[in-house]
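Numbering (our numbering), first residue to last: -6 to 181.
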């Protein structure tokens, strides 16, 4: 049986009609997107809001679908990304599912840029119009940037990405990374 994506528990608290705090939602996060290329990996989105300041209310599940790659331009989301070790002996040149690197393609509506390069050993080279706070929660991962340098991150490390192109690889083993991604604008 193929490895399955980890079900992450999500506990959402808030206030009831009388102003008392309590649990509003408690259970597995419902907004997941498995990676079709690497079984047992994917993303789980816990919460998303469209505008800041955020509307504080307990009458809506802001972690429910739809799933989006980039946060709303004036909002944010919280998600986990699970990754697996690059398969031993893997060669992207022999993988028909691999996407070669290409010139940047930018989606102005979503604020996401793509340069290809996705394969079973590396995420695609991408960027979002956002400030991303990434927290490595388990395992190790490698951050790849345009300058050609690779930066190994270990459990507890934090990366702050300012709307730049990057990719991730994982030559080590399973890992889980948490992200708070805040939509933004570029200086002109």
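Built from N, CA and C at the ideal position, the CB exists for glycine as well. On a predicted model such as this, the values are computed, not experimentally measured, just so you know.
The residues 160 and 161, in chain order, have a CB closer than 6 Å to that of residue 116 in the same chain once the five nearest residues on each side in sequence are set aside. Only residues of its own chain outside the window of five on either side were considered, and among them 153, 154, 155, 156, 174, 175 and 177 have a CB closer than 8 Å to the CB of residue 124, listed in chain order. An exposed status is given to residue 139, since fewer than 16 other beta-carbon atoms sit within 10 Å of its beta-carbon. Boundaries of the beta strand (DSSP E) around residue 151: 151 to 155. Straight through space, the alpha carbons of residue 108 and residue 77 are spaced by roughly 22 Å. Linking residue 14 to residue 53 through their CA atoms gives a straight-line distance of about 16 Å.
Proximity to residue -4 across 67, 32 and 28 peaks at 32, based on C-alpha coordinates. Residue 85 carries a helical assignment under DSSP once its states are collapsed to helix, strand and coil. Following the DSSP letters along the chain, one finds residue 6 inside the beta strand (DSSP E) bounded by residues 2 to 8. Rounded to whole angstroms, the separation of the alpha carbons of residue 171 and residue 24 is 15 Å. Taking all protein chains in view, the Cβ of residue 119 is crowded by 16 or more other Cβ atoms within 10 Å, so the residue is classified as buried.
Distance from the Cα of residue 35 is smallest, within the candidate group 20, 17, 46 and 1, for 1. Going by C-alpha positions, residue 105 is about 40 Å away from residue 12. In the DSSP assignment, residue 98 falls within the beta strand (DSSP E) that extends over 98 to 100. For residue 24, the enclosing beta strand (DSSP E) stretches over residues 24 to 27. Ranked by how close their Cα comes to the Cα of residue 57, the residues 72, 142 and 81 have 72 in first place. With fewer than 16 other CB atoms across the displayed protein chains lying within 10 angstroms of its CB, residue 29 is exposed.
In this structure, the CA atom of residue 6 is about 37 Å from the CA atom of residue 99.
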